[in-house]
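>
Chains as they are written, first to last, in the numbering used here: chain A, 250 to 718; chain B, 7 to 201.
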């Protein structure tokens with residue numbers, strides 16, 4: 250009975266989330282990775298020589314670095330069976346009318362509401378590896394905010410770009426950061442000038458739309474002194490049969506007194522390996538917040554980190570992980586306290602069901618040079634059935650005698666009495682479970698922009714269907 | 007519940023057959039990694055692990071506790087209480103592993119590190135690996151300094167700073183020592199952590 254249900258869910262998955270627009274790339278590169286492919290990418294983009302050199306050096310590091318032996322199972326990734334760059338037929342369009350029909354159709358299926366579509370004047374949508382639609386809001390330009398695709402930024406602002414690129418995450422940081430540094434394409438570049446407050450969230454939609462198409466976007470964000478902004482990205486990807494790799498790198502520099510929030514909701518289809526390196530350098534009295542939702546993908550390994558290098562700096566991570574059949578969400582956070590009076594907080598909520606596995610992997614590190622550090626970590630896991638699993642692997646490394654570090658984790662299932670109560674009020678078991686799961690992740694959902702919160706709740710409802718049996 | 011004071015050993019492996027409190031006082035002079043593991047293979051058994059000790063100047067401890075639940079309906083509470091004096095260090099891994107089919111498991115780990123000196127190092131890795139639902143598993147780990155307020159209060163009552171700190175450390179350990187049910191074992195441990 251249960252197995253049949255599972256099978257049905259698998260089959261209807263494509264109807265629910267899977268939308269597979271026809272590929273329209275103009276010059277499809279060869280599969281596989283080599284120095285030649287990297288030279289080709291760089292040449293295609295008309296990059297300066299230093300960038301080509303940077304890519305080639307990163308490629309060397311990528312070859313030398315071993316695959317991580319910890320964490321999720323990555324043995325099925327075949328690096329030679331992936332396209333590293335596809336230049337789509339549709340490039341930069343100025344207005345909504347110019348946006349190709351099939352891209353609009355994709356937004357339709359995404360369920361982007363009409364009001365929000367009109368809002369797209371300020372939205373960057375990534376289709377394949379290049380930004381197809383970009384039209385900055387006038388008010389952003391007026392204030393001197395730069396919000397471009399990373400490729401455009403390299404052309405238009407080479408000085409700022411060179412000053413900050415690869416400084417927070419060196420190209421040889423880890424195998425997948427090295428891969429990204431070698432073949433990166435697309436992503437966002439954000440520069441917030443001193444003292445500017447950006448009221449509306451900066452939004453970007455990412456899509457993968459070619460089979461076996463790895464997406465290696467590169468995001469670089471600089472928040473100058475005393476500025477404030479919220480960057481939001483959301484991802485949905487079509488269902489494909491062969492494995493797909495997503496290895497992004499996100500670098501954020503938060504200057505003294507600034508505050509930056511980076512919100513991600515990712516719902517990759519369940520064949521994607523999502524291996525992302527995200528790191529922020531947080532300077533004096535600055536605040537960095539990562540809000541991270543991992544719903545889809547086959548494997549996610551993602552640990553947003555904050556390097557608190559200025560006195561009084563603060564880092565926060567809010568994270569949701571949701572793992573269903575065949576999925577492993579290995580997510581967490583890292584907080585490095587390197588200066589006096591720094592503080593950090595991590596809240597992680599994970600749900601595993603139908604054979605999924607969630608893992609929290611985190612690090613709180615207090616250096617001897619960081620007196621009076623404060624850190625609080627809270628991870629809660631919910632297991633919905635007997636075939637699912639969950640792990641917690643936190644590390645606290647405290648080399649200072651005045652630190653105050655707290656960690657708490659719990660694992661539980663949905664309480665029978667809660668289910669019984671809701672069902673006695675007339676809800677079906679599925680509805681009741683959906684409601685309880687929504688309540689469980691609510692502390693994080695309420696931090697999301699409204700439309701994302703609505704989308705997320707809609708997804709949870711869809712996912713809960715047929716989970717009772 | 008029976009209380010059992012464990013002898014110093016670098017590898018302690020136990021499959022409990024009855025409800026027991028296993029108490030281990032951290033030796034100050036140990037340089038070896040200590041591994042204390044409870045394998046729950048008999049249903050209905052409920053145990054406690056109590057590991058505690060004060061690390062004097064320059065001393066260090068490396069210790070792992072594991073409560074591995076292999077059958078349904080077992081429970082375990084693990085306590086790791088350590089106080090760190092000048093330049094001492096603690097490296098602790100506390101695992102709770104719940105195997106598939108080990109339903110109705112109840113396992114909790116409580117780790118508290120009290121820092122009284124300077125130049126201390128403390129690494130804590132509380133780990134949960136849960137393969138079954140219908141279980142309760144959790145851990146809490148804290149690291150903090152002796153509160154200045156508390157020391158001030160006690161010194162204003164006529165204690166020296168050293169006496170005040172000693173009293174606070176005693177109270178810190180007492181919260182777990184008091185749980186030891188066997189009177190003889192409790193007294194031994196009480197005097198053991200005082201020295």
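Every residue gets a Cβ at the ideal spot worked out from N, C-alpha and C, and that includes glycine.
As the structure is a prediction and not an experimental result, all values here were calculated from the model.
Round the Cβ separation of residue 542/A and residue 569/A to the nearest angstrom and send it over; I've been treating them as touching at under 8 Å.
What you label residue 542/A is simply residue 293 of the first chain in a count that begins at 1. What you label residue 569/A is simply residue 320 of the first chain in a count that begins at 1. Sure, about 5 Å apart at Cβ, within 8 Å.
> If you draw a straight line from the C-alpha of residue 57/B to the C-alpha of residue 194/B, how long is it?
By 1-based counting over the second chain, the position of residue 57/B is 51. By 1-based counting over the second chain, the position of residue 194/B is 188. Separation of residue 57/B and residue 194/B (C-alpha to C-alpha, rounded to the nearest whole angstrom) is 14 Å.
> Quick one: does residue 633/A have its CB under 8 Å from some CB of chain B?
Sequence index remark: in the first chain, residue 633/A carries index 384 (1-based). Closer than 8 Å: yes.
> Check the Cβ-Cβ distances between residue 449/A and every residue of chain B, and say whether any is below 8 Å.
Residue 449/A sits at position 200 when you count from the first residue of the first chain. Among the residues facing chain B, residue 449/A is not included, as its CB has no counterpart in that chain under 8 Å away.
> So, is the C-beta of residue 643/A closer than 8 Å to a C-beta in chain B?
If you number the first chain from 1, residue 643/A lands on position 394. Output row for residue 643/A: interface = yes.
> Just the Cα atoms here: how many angstroms apart are residue 638/A and residue 137/B?
Working through the first chain from its first residue, we reach residue 638/A at position 389. Working through the second chain from its first residue, we reach residue 137/B at position 131. In a straight line, the C-alpha of residue 638/A is about 4 Å away from that of residue 137/B.
> Examine chain B for any beta-carbon lying closer than 8 Å to the beta-carbon of residue 647/A, and answer yes or no.
Position 398 of the first chain, counted from the first residue, corresponds to residue 647/A. By this cut-off, residue 647/A is an interface position.
> Out of 595/A, 616/A, 662/A and 519/A, which one is the CA nearest neighbour of residue 693/A?
Position 444 of the first chain, counting from 1, holds the residue named residue 693/A. Nearest of 595/A, 616/A, 662/A and 519/A to residue 693/A, Cα basis: 595/A.
> Consider the Cβ of residue 141/B: report whether some Cβ of chain C lies at a distance smaller than 8 Å.
Here chain C cannot be found, since the structure's protein chains are A and B.
> On the premise that residue 588/A lies in contact with residue 562/A, defined as a C-beta separation below 8 Å, what is that separation, rounded to the nearest angstrom?
Reading the first chain from its first residue, position 313 is the one you call residue 562/A. Reading the first chain from its first residue, position 339 is the one you call residue 588/A. In this structure residue 562/A is in contact with residue 588/A, their Cβ atoms being roughly 6 Å apart against a cut-off of 8 Å.
> Can you tell which of 103/B, 61/B and 43/B has its C-alpha closest to the C-alpha of residue 71/B?
If you number the second chain from 1, residue 71/B lands on position 65. Closest by alpha carbon: 43/B.
> The alpha helix (DSSP H) spanning residue 565/A covers which residue range?
On the first chain, residue 565/A is found 316 positions in, with the first residue counted as 1. Here residue 565/A belongs to no alpha helix (DSSP H); instead the beta strand (DSSP E) covers 563-572.
> Here's a check: name, in chain order, each residue in its chain whose Cβ is nearer than 6 Å to the Cβ of residue 189/B, leaving out the five neighbours to either side.
Against the second chain, residue 189/B aligns to sequence position 183. Correct list: empty, nothing qualifies.
> Return the chain-ordered list of same chain residues with a C-beta closer than 7 Å to the C-beta of residue 691/A, the five sequence neighbours on each side being excluded.
For this step, residue 691/A is matched to residue 442 along the first chain. If we look at residue 691/A and ignore the five residues flanking it on each side, it has no Cβ neighbours.
> Using CA coordinates, which residue listed in 649/A, 480/A, 684/A and 712/A is at the minimum distance from residue 516/A?
Translated into positions along the first chain, residue 516/A becomes position 267. Comparing Cα-Cα distances from residue 516/A to each of 649/A, 480/A, 684/A and 712/A, the minimum goes to 712/A.
> Going by CA-CA distance only, name the one from 574/A, 281/A, 410/A and 686/A that's closest to residue 467/A.
Translated into positions along the first chain, residue 467/A becomes position 218. When each option's Cα is compared against that of residue 467/A, the closest is 410/A.
> Would you please state the rounded distance, in angstroms, between the beta carbons of residue 161/B and residue 167/B? I believe it to be under 8 Å.
As a working note, residue 161/B is residue 155 in the second chain. As a working note, residue 167/B is residue 161 in the second chain. Indeed they touch by this definition, with Cβ atoms about 6 Å apart.
> State the DSSP-derived secondary structure class of residue 399/A, mapped to helix, strand or coil.
As a position in the first chain, residue 399/A is number 150, starting the count at 1. Residue 399/A: helix per DSSP, three-state reduction.
> So, is residue 433/A buried or exposed, given that buried needs 16 or more other C-beta atoms within 10 angstroms?
Counted from its first residue, the first chain places residue 433/A at position 184. Residue 433/A is buried by the Cβ-count criterion.
> Does residue 465/A come out as helix, strand or coil in the three-state DSSP assignment?
As a first step, residue 465/A must be located in the first chain, where it is residue number 216. In this structure, residue 465/A counts as coil in the three-state DSSP scheme.
> What's the C-alpha gap between residue 416/A and residue 179/B?
For the purposes of this step, residue 416/A is identified with residue 167 of the first chain, where counting begins at 1. For the purposes of this step, residue 179/B is identified with residue 173 of the second chain, where counting begins at 1. About 46 Å.
> Can you tell me which of the three DSSP states residue 429/A falls into?
Mapped onto the first chain, residue 429/A falls at position 180. In the structure shown, residue 429/A sits in a helix (DSSP, three-state: H, G or I).
> Taking CB distances under 8 Å as the criterion, tell me whether residue 640/A reaches chain B.
Position 391 of the first chain holds residue 640/A. Yes, residue 640/A lies at the interface with chain B (some Cβ there is under 8 Å from its Cβ).
> By DSSP, does residue 684/A sit in helix, in strand, or in coil?
For the purposes of this step, residue 684/A is identified with residue 435 of the first chain, where counting begins at 1. Residue 684/A falls in the helix class under three-state DSSP.
> Could you have a look at residue 222/A and say whether DSSP puts it in helix, strand or coil?
Summary: the structure shown does not reach residue 222/A, with chain A confined to residues 250 through 718, and so no result is reported for it.
> Buried or exposed: which applies to residue 576/A, given that a residue is buried once 16 or more other Cβ atoms fall within 10 Å of its Cβ?
For the purposes of this step, residue 576/A is identified with residue 327 of the first chain, where counting begins at 1. Around the Cβ of residue 576/A, a 10 Å sphere holds 16 or more other Cβ atoms; the residue is buried.
> Hey, out of 33/B, 148/B and 18/B, whose CA is closest to residue 625/A's CA?
For this step, residue 625/A is matched to residue 376 along the first chain. Among 33/B, 148/B and 18/B, the Cα nearest to that of residue 625/A belongs to 148/B.
> Please report the distance separating the alpha-carbon of residue 202/B from that of residue 130/B.
Residue coverage of chain B in this structure runs from 7 to 201, which leaves residue 202/B outside it and unanswerable.
> Going by beta carbon distance, what residues of the same chain come within less than 7 Å of residue 156/B, once the five residues before and after it are set aside?
Translated into positions along the second chain, residue 156/B becomes position 150. Closer than 7 Å at Cβ, skipping near neighbours: 174.
> On the premise that residue 393/A lies in contact with residue 444/A, defined as a C-beta separation below 8 Å, what is that separation, rounded to the nearest angstrom?
By one-based count along the first chain, residue 444/A stands at place 195. By one-based count along the first chain, residue 393/A stands at place 144. About 10 Å; that fails the 8 Å criterion.
> Closest by CA to residue 5/B, which one among 177/B, 31/B, 124/B and 25/B?
Nothing can be reported for residue 5/B: it is not among the residues displayed for chain B, which extend from 7 to 201.
> Could you give the distance in angstroms between the alpha-carbon of residue 496/A and the alpha-carbon of residue 293/A?
The count along the first chain starts at 1 and reaches residue 496/A at position 247. The count along the first chain starts at 1 and reaches residue 293/A at position 44. Their Cα atoms are separated by approximately 21 Å.
> Which of the residues in the region 657-674 of chain A, read from start to end, lie with their CB under 7 Å from any CB of chain B?
657, 658, 659, 660, 661 and 662
> Residues bridged to residue 576/A by DSSP?
Looking up residue 576/A in the first chain gives position 327. Paired residues: none, contrary to the question.
> List the residues of chain A whose Cβ lies closer than 7 Å to the Cβ of residue 144/B, in chain order.
Translated into positions along the second chain, residue 144/B becomes position 138. By Cβ distance, chain A contributes 658, 659 and 660.
> Measure the C-alpha to C-alpha separation of residue 664/A and residue 38/B and round it to an integer number of angstroms.
Stepping through the first chain from its first residue, residue 664/A is reached at position 415. Stepping through the second chain from its first residue, residue 38/B is reached at position 32. Taking the straight line from one Cα to the other gives about 43 Å.
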